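Notes to accompany the following structure.
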Amino acid sequence: MALMFQATARLKKAVSLINDLDASRFPLLLNRIIQKLHLKDERAFSDEEENKLQSGLSLDVDDLHIVLETSAFILEQAAYHNAKPAVLQQQLQNIGLNDDKLEAMNWRLNLQMAQASKAKLKLPNALFEFHLSSGEEKEKIHIEFSHEELYAFYNQLETIQSQLDSLG
Numbered sequence: 001m002a003l004m005f006q007a008t009a010r011l012k013k014a015v016s017l018i019n020d021l022d023a024s025r026f027p028l029l030l031n032r033i034i035q036k037l038h039l040k041d042e043r044a045f046s047d048e049e050e051n052k053l054q055s056g057l058s059l060d061v062d063d064l065h066i067v068l069e070t071s072a073f074i075l076e077q078a079a080y081h082n083a084k085p086a087v088l089q090q091q092l093q094n095i096g097l098n099d100d101k102l103e104a105m106n107w108r109l110n111l112q113m114a115q116a117s118k119a120k121l122k123l124p125n126a127l128f129e130f131h132l133s134s135g136e137e138k139e140k141i142h143i144e145f146s147h148e149e150l151y152a153f154y155n156q157l158e159t160i161q162s163q164l165d166s167l168g
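Take the sequence shown: its position 141, counted from the start at 1, is 141 in the UniProt record's numbering, and no numbers get skipped.
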């Protein structure tokens, strides 16, 4: 598989900042980013929340934005390339991300065909599972997308890919 991430100076700085974050807080940050990732016009955190994050994570405003933007970029690239967990893990290790952040990623597609009150029902959803670890402590984060949410997320990835293609 081709490289998903080019080791630019900005990416290296972001990886360094992410590696220095408190491992117990990073999953919470990542979870919030994932929940808002498919929304084009909505930021993951409000200005007030970003101010709290700055003080809580001991980051200045520029460093916080680098961490947030790079985390979102990594997740978007993983989804765009449909990266298998082992490949994603290797790519993240190649850019210097510590192993104690993301251990594995799984995904699954579900289709609900019926329920007690409705005989013919088609409700597809995609479930992403991120396995995070910090030393001995392990945590799983589950994110679920409806068809509409996943489609909006896909369209956002297409826009990002188009912008990346125009840069190259």
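Backbone N, C-alpha and C fix where the C-beta goes; we use that ideal spot for every residue, glycine too.
Predicted, not measured: the structure shown is a model, and the values here were computed from it.
(request) Go ahead and pull the three-state DSSP assignment for L123. (result) Within the sequence shown, the letter at position 123 stands for residue 123. Correct three-state label for L123: strand.
(request) Using alpha carbons as the reference points, say which of F45, M113, I18 and I141 lies closest to L59. (result) One-based indexing of the sequence shown puts residue 59 at position 59. For L59, the nearest C-alpha among the options comes from I18.
(message) Run through the DSSP bridge pairs and tell me what M105 is partnered with.
(response) By 1-based counting over the sequence shown, the position of residue 105 is 105. BP columns for M105 point to F130.
(request) Would you identify the three-state DSSP class for K36, choosing helix, strand or coil? (result) Within the sequence shown, the letter at position 36 stands for residue 36. Residue state, collapsed to three classes: helix.
(message) Quick check on this structure: which residue in L21, N51, I33 and A114 has the alpha carbon closest to the alpha carbon of L68?
(response) To locate residue 68, count along the sequence shown from 1; it is residue 68. Checking every option, the nearest Cα to that of L68 belongs to I33.
(message) Going by beta-carbon coordinates alone, are P27 and L132 separated by less than 7 Å?
(response) In the sequence shown, residue 27 corresponds to position 27, counting from 1. In the sequence shown, residue 132 corresponds to position 132, counting from 1. Going by C-beta atoms, P27 is nearer than 7 Å to L132.
(message) Between F153 and L37, how many whole angstroms is the CB-CB distance? I'm expecting something under 8 Å.
(response) For this step, residue 153 is matched to residue 153 along the sequence shown. For this step, residue 37 is matched to residue 37 along the sequence shown. Confirmed, Cβ separation roughly 6 Å.
(request) Please classify S46: does DSSP put it in a helix, a strand, or coil? (result) As a working note, residue 46 is residue 46 in the sequence shown. Residue state, collapsed to three classes: coil.
(message) Tell me the DSSP secondary structure of I18 in three-state form.
(response) Start at 1 with the first residue of the sequence shown, and residue 18 comes out as number 18. The answer is helix: DSSP assigns I18 an H, G or I state.
(request) Name the two residues that bound the continuous alpha helix (DSSP H) containing D63. (result) Position 63 of the sequence shown, counted from the start, is the residue given in the question as residue 63. V61 to Y80 is the span of the alpha helix (DSSP H), which, as asked, contains D63.
(request) Excluding the 5 residues preceding and the 5 following R108 in the sequence, name in chain order all residues of the same chain whose CB lies nearer than 6 Å to its CB. (result) Here residue 108 corresponds to residue number 108 of the sequence shown, with the count starting at 1. The residues are L127.
(message) Using a Cβ-Cβ cutoff of less than 6 Å, which residues in the same chain neighbour N98 once the five nearest sequence positions on both sides are dropped?
(response) Taking the sequence shown and counting its residues from 1, the one referred to as residue 98 is at position 98. N19, listed in sequence order.
(request) Look up N94 in the DSSP assignment and say whether it is helix, strand or coil. (result) Locating residue 94 in the sequence shown gives position 94, where the first residue counts as 1. It is helical.
(request) Determine the contact status of N125 and N110, defining contact as a CB-CB distance below 7 Å. (result) Numbered from 1 along the sequence shown, position 125 holds the residue referred to as residue 125. Numbered from 1 along the sequence shown, position 110 holds the residue referred to as residue 110. For N125 and N110, yes; Cβs fall inside 7 Å.
(request) From the DSSP output, in three-state form, read off L3 for me. (result) Numbered from 1 along the sequence shown, position 3 holds the residue referred to as residue 3. The answer is coil: DSSP assigns L3 none of H, G, I, E or B.
(request) Using only alpha-carbon positions, find the residue among S46, A83, L21 and F5 that is nearest to G56. (result) Start at 1 with the first residue of the sequence shown, and residue 56 comes out as number 56. Minimum Cα distance to G56 is reached at L21.
(request) Quick one: using the 10 Å Cβ neighbour count with 16 as the cut-off for buried, is Q77 buried or exposed? (result) Here the question's residue 77 lines up with position 77 in the sequence shown. Burial check for Q77: the Cβ neighbour count within 10 Å reaches 16 or more, so the residue is buried.
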